[in-house]
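The structure appears right after this line, and notes come after that.
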Amino acid sequence: QPLSMLGADVRTTDGHAPVFVFPKQLHGANVPLQIASAQVKSAILLAGLSADGETTISEPVKSRDHTERMLAAMGANISVNGNSVTVKRSNLHALDVCVPADISSAAYFMALGALKGKTLCKNVGINPTRIGILTAFDRLGVKYSLLNKRVSGGEETADILVEKSNMQAISLTAEDVPSMIDELPLVALLCAFAEGESRITGAKELRVKESDRIRTTKELICNLGGECEELPDGFIIRGKKTLVGGDCESYLDHRIAMTAAVGMIASEKGGNISRPECCAISFPDFFDKLGVKSY
Numbered sequence: 001q002p003l004s005m006l007g008a009d010v011r012t013t014d015g016h017a018p019v020f021v022f023p024k025q026l027h028g029a030n031v032p033l034q035i036a037s038a039q040v041k042s043a044i045l046l047a048g049l050s051a052d053g054e055t056t057i058s059e060p061v062k063s064r065d066h067t068e069r070m071l072a073a074m075g076a077n078i079s080v081n082g083n084s085v086t087v088k089r090s091n092l093h094a095l096d097v098c099v100p101a102d103i104s105s106a107a108y109f110m111a112l113g114a115l116k117g118k119t120l121c122k123n124v125g126i127n128p129t130r131i132g133i134l135t136a137f138d139r140l141g142v143k144y145s146l147l148n149k150r151v152s153g154g155e156e157t158a159d160i161l162v163e164k165s166n167m168q169a170i171s172l173t174a175e176d177v178p179s180m181i182d183e184l185p186l187v188a189l190l191c192a193f194a195e196g197e198s199r200i201t202g203a204k205e206l207r208v209k210e211s212d213r214i215r216t217t218k219e220l221i222c223n224l225g226g227e228c229e230e231l232p233d234g235f236i237i238r239g240k241k242t243l244v245g246g247d248c249e250s251y252l253d254h255r256i257a258m259t260a261a262v263g264m265i266a267s268e269k270g271g272n273i274s275r276p277e278c279c280a281i282s283f284p285d286f287f288d289k290l291g292v293k294s295y
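Numbering (the numbering used here) for the sequence shown: 1 to 295.
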């Protein structure tokens with residue numbers, strides 16, 4: 001539907017695949033998005049590069065801006081004003097880019113640094129729209145440093161050094177959630193090792209991920225010996241200094257499996273993860289990076 005506002009001729013088969021795209025000259029348009037989506041925004045921006053006139057996308061809240069940064073670095077006629085992005089027909093120039101490490105993947109090793117000892121993650125993307133995990137670290141009291149900061153392809157990167165930390169309970173609300181939605185199961189696990197009672201709310205979206213991540217995160221923490229209460233839109237976690245460990249079901253959810261791995265390494269006795277191969281969805285060599293195959 002948003003692409004059709006630019007004049008695109010896109011046809012589905014009763015609302016689903018196969019999808020047919022027919023050639024047509026596009027025109028600029030104002031495209032308001034009801035839900036913030038970096039994927040939809042990116043599709044419109046790329047279409048706007050070859051459209052006549054000016055295309056403006058506006059979102060209720062700012063989503064990840066990797067596409068805007070890359071297009072600007074390649075010479076696109078693009079401007080950002082708050083939660084709105086405007087692009088005009090542009091000729092792009094080639095660019096050599098060193099793709100930074102994904103902070104959502106690095107977060108698991110960063111968490112191990114906070115729980116077990118010093119960890120250095122190199123060349124990690126620290127795009128301001130992606131560093132919710134660092135916001136959580138700040139509130140938890142995790143000790144970390146951003147080293148060797150630089151910019152590549154319009155993206156800020158750094159080496160992230162994390163040290164073992166004594167963590168305190170935190171409160172996260174709907175305003176905090178968008179920038180750390182993928183890392184919330186991991187943040188909840190860290191809260192299980194923090195002193196005091198933590199509360200995470202405004203995260204109802206977790207219910208419709210690869211698993212119901214509110215339910216599966218609560219189960220994971222409890223199986224490891226922690227205390228976690230399920231809320232309709234989040235958790236209440238009562239922290240302990242140590243967790244005994246235990247077995248966990250991945251539910252074929254890569255985030256749950258990787259969070260379980262961190263929890264088991266940090267626990268007293270470890271445990272077993274069912275169907276850990278699901279980590280390949282986002283991080284095929286996750287267990288190789290850990291140096292072990294099972295727990």
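Even for Gly, the Cβ is constructed at its ideal location relative to N, Cα and C.
Take Leu-231 as the anchor and find which of Glu-175, Ile-160, His-93 and Lys-204 has the nearest alpha-carbon.
Position 231 of the sequence shown holds residue 231. Comparing alpha-carbon positions, the option among Glu-175, Ile-160, His-93 and Lys-204 lying closest to Leu-231 turns out to be Lys-204.
Give the secondary structure of Arg-207 by DSSP, where H, G and I count as helix, E and B as strand, and everything else as coil.
Locating residue 207 in the sequence shown gives position 207, counting from the first residue. Correct three-state label for Arg-207: helix.
Integer-rounded CB distance, given that Val-87 should sit under 8 Å from Ala-76:
Stepping through the sequence shown from its first residue, residue 76 is reached at position 76. Stepping through the sequence shown from its first residue, residue 87 is reached at position 87. About 6 Å separates the beta carbons of Ala-76 and Val-87, which is inside the 8 Å limit, making them a contact pair.
Measuring only the C-alpha atoms, how far is Val-162 from Asn-83?
Against the sequence shown, residue 162 aligns to sequence position 162. Against the sequence shown, residue 83 aligns to sequence position 83. If you take the alpha carbons of Val-162 and Asn-83, they lie about 32 Å apart.
Tell me the rounded alpha-carbon separation between Ile-237 and Ala-194.
To locate residue 237, count along the sequence shown from 1; it is residue 237. To locate residue 194, count along the sequence shown from 1; it is residue 194. The straight-line gap from Cα to Cα measures roughly 9 Å.
Report yes if the CB atom of Ala-8 is closer than 8 Å to the CB atom of Ala-47, and no otherwise.
Residue numbering aside, residue 8 sits at position 8 when the sequence shown is read from its first letter. Residue numbering aside, residue 47 sits at position 47 when the sequence shown is read from its first letter. A contact, by the Cβ cut-off of 8 Å.
Say whether the segment 259-268 touches the segment 180-197, bearing in mind that this needs 3 or more beta-carbon pairs closer than 8 Å, one atom from each stretch.
Enough Cβ pairs lie closer than 8 Å, so yes.
The segment 58-68 / the segment 15-26 touching (three or more Cβ pairs under 8 Å):
With fewer than three CB-CB distances shorter than 8 Å, the segment 58-68 does not count as touching the segment 15-26.
Count the other CB atoms, across all protein chains shown, that sit within 10 Å of the CB of Glu-175; report buried if there are 16 or more and exposed otherwise.
The residue labelled residue 175 in the question sits at position 175 within the sequence shown. Classification for Glu-175: exposed.
Touching or not, the segment 243-251 and the segment 210-227, by the rule of three or more beta carbon pairs under 8 Å?
With a cut-off of 8 Å, the segment 210-227 and the segment 243-251 count as touching, because enough Cβ pairs lie within range.
Helix, strand or coil, according to DSSP, for Gly-75 in the structure here?
Within the sequence shown, numbered from 1, the residue matching residue 75 stands at position 75. Note: Gly-75 maps to coil in three-state DSSP.
Could you tell me the distance, in whole angstroms, from the CA atom of Ile-181 to the CA atom of Val-187?
As a working note, residue 181 is residue 181 in the sequence shown. As a working note, residue 187 is residue 187 in the sequence shown. Counting only the Cα atoms, Val-187 lies some 10 Å from Ile-181.
Inter-stretch contact at 8 Å, needing at least 3 Cβ pairs: the segment 100-115 / the segment 131-142
Result yes; three or more Cβ-Cβ pairs closer than 8 Å.
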